[in-house]
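This note's numbering numbers the first residue of the sequence shown as 25 and each following residue consecutively. We put the CB at the ideal spot given by N, CA and C, even for glycine. Bear in mind the structure is a predicted one, so any value in this text is a computation, not a measurement. The block underneath contains the structure these notes are about, expressed in structure tokens.
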Amino acid sequence: MTGRMLVIDCATPALSIALFDGAHCIAARHEELGRGHAEALLPAIAALPEGGRCDSILVDVGPGSFTGVRVGLAAATALRFAWGVPVLGYGCLDLVAAMARARLAPQERFAIVMVGGHGELFWAMSDPASDAPVEVRSTPIAELAETIDAPLLVGSGASVLIEAGARGNPVPLLPDARDAPLLPESLRARPAKPVYGRGADAKPMPAARARAPSR
Numbered sequence: 025m026t027g028r029m030l031v032i033d034c035a036t037p038a039l040s041i042a043l044f045d046g047a048h049c050i051a052a053r054h055e056e057l058g059r060g061h062a063e064a065l066l067p068a069i070a071a072l073p074e075g076g077r078c079d080s081i082l083v084d085v086g087p088g089s090f091t092g093v094r095v096g097l098a099a100a101t102a103l104r105f106a107w108g109v110p111v112l113g114y115g116c117l118d119l120v121a122a123m124a125r126a127r128l129a130p131q132e133r134f135a136i137v138m139v140g141g142h143g144e145l146f147w148a149m150s151d152p153a154s155d156a157p158v159e160v161r162s163t164p165i166a167e168l169a170e171t172i173d174a175p176l177l178v179g180s181g182a183s184v185l186i187e188a189g190a191r192g193n194p195v196p197l198l199p200d201a202r203d204a205p206l207l208p209e210s211l212r213a214r215p216a217k218p219v220y221g222r223g224a225d226a227k228p229m230p231a232a233r234a235r236a237p238s239r
């Protein structure tokens, strides 16, 4: 990481932003708002040193909250035009996986499970020794609880899955902009375009549902 970089993450209930100078985090805000990202994001950025001015912007492209993903990308796009800086993206579940590797040091494959809405969860299996992007699926909660096989469940949907009857150790975790440097460069270079993971909220898309692997 070189120069100043602003990281924006609104894809989950957390409003999370961080301003870096190289690898050093100058300032950050991480707060679980639930709702209200659209009203809170730009004032939060403006409150950063020098109004958050940077040389590049990195934004969470999803999947996650449909509204949150759009809010983060809209803000990043507006600032790109205002400041004349490049914008790149990263995957929500990729960052949660990187955080889990750094904080929990899992010894075997683990599952990242994030709330997806419409009774479904976004999820992926991750190898603690791999920096490859995770393959995200969207599956109904009950179906996933019956079929998933992972000793560690990480993310906003982990406890939901346990309550539905899944086995494993749940660790609630939301993406944190301060942890963006944990991602390898290859996972911080996605196009700044939304990744919704399934159909729009108003039109559920059954074809997007992927069956979890059997035990």
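Per the C-alpha coordinates, the member of I172, D45, E56, I81 positioned closest to A135 is I172. Taken in chain order, the complete alpha helix (DSSP H) segments of 4 or more residues contained in the stretch 98-163 are 116-128. Taken through DSSP and simplified to helix, strand or coil, P194 comes out as strand. Judged by DSSP in its simplified three-state form, S180 adopts coil rather than helix or strand. Per the C-alpha coordinates, the member of L198, P175, G192 positioned closest to V139 is L198.
Checking the DSSP bridge columns, you'll see D84 partnered with Y114. Nearest to Y220 by alpha-carbon distance, out of R28, E144, G88, D200, is G88. When DSSP states are grouped into helix, strand and coil, V93 belongs to the helix group. L66 sits in a helix when the DSSP states are folded into three classes. In summary, R212 is buried, with 16 or more beta-carbon neighbours lying within 10 Å of its beta-carbon over all protein chains present. The Cβ-Cβ distance between A52 and I41 falls below 8 Å.
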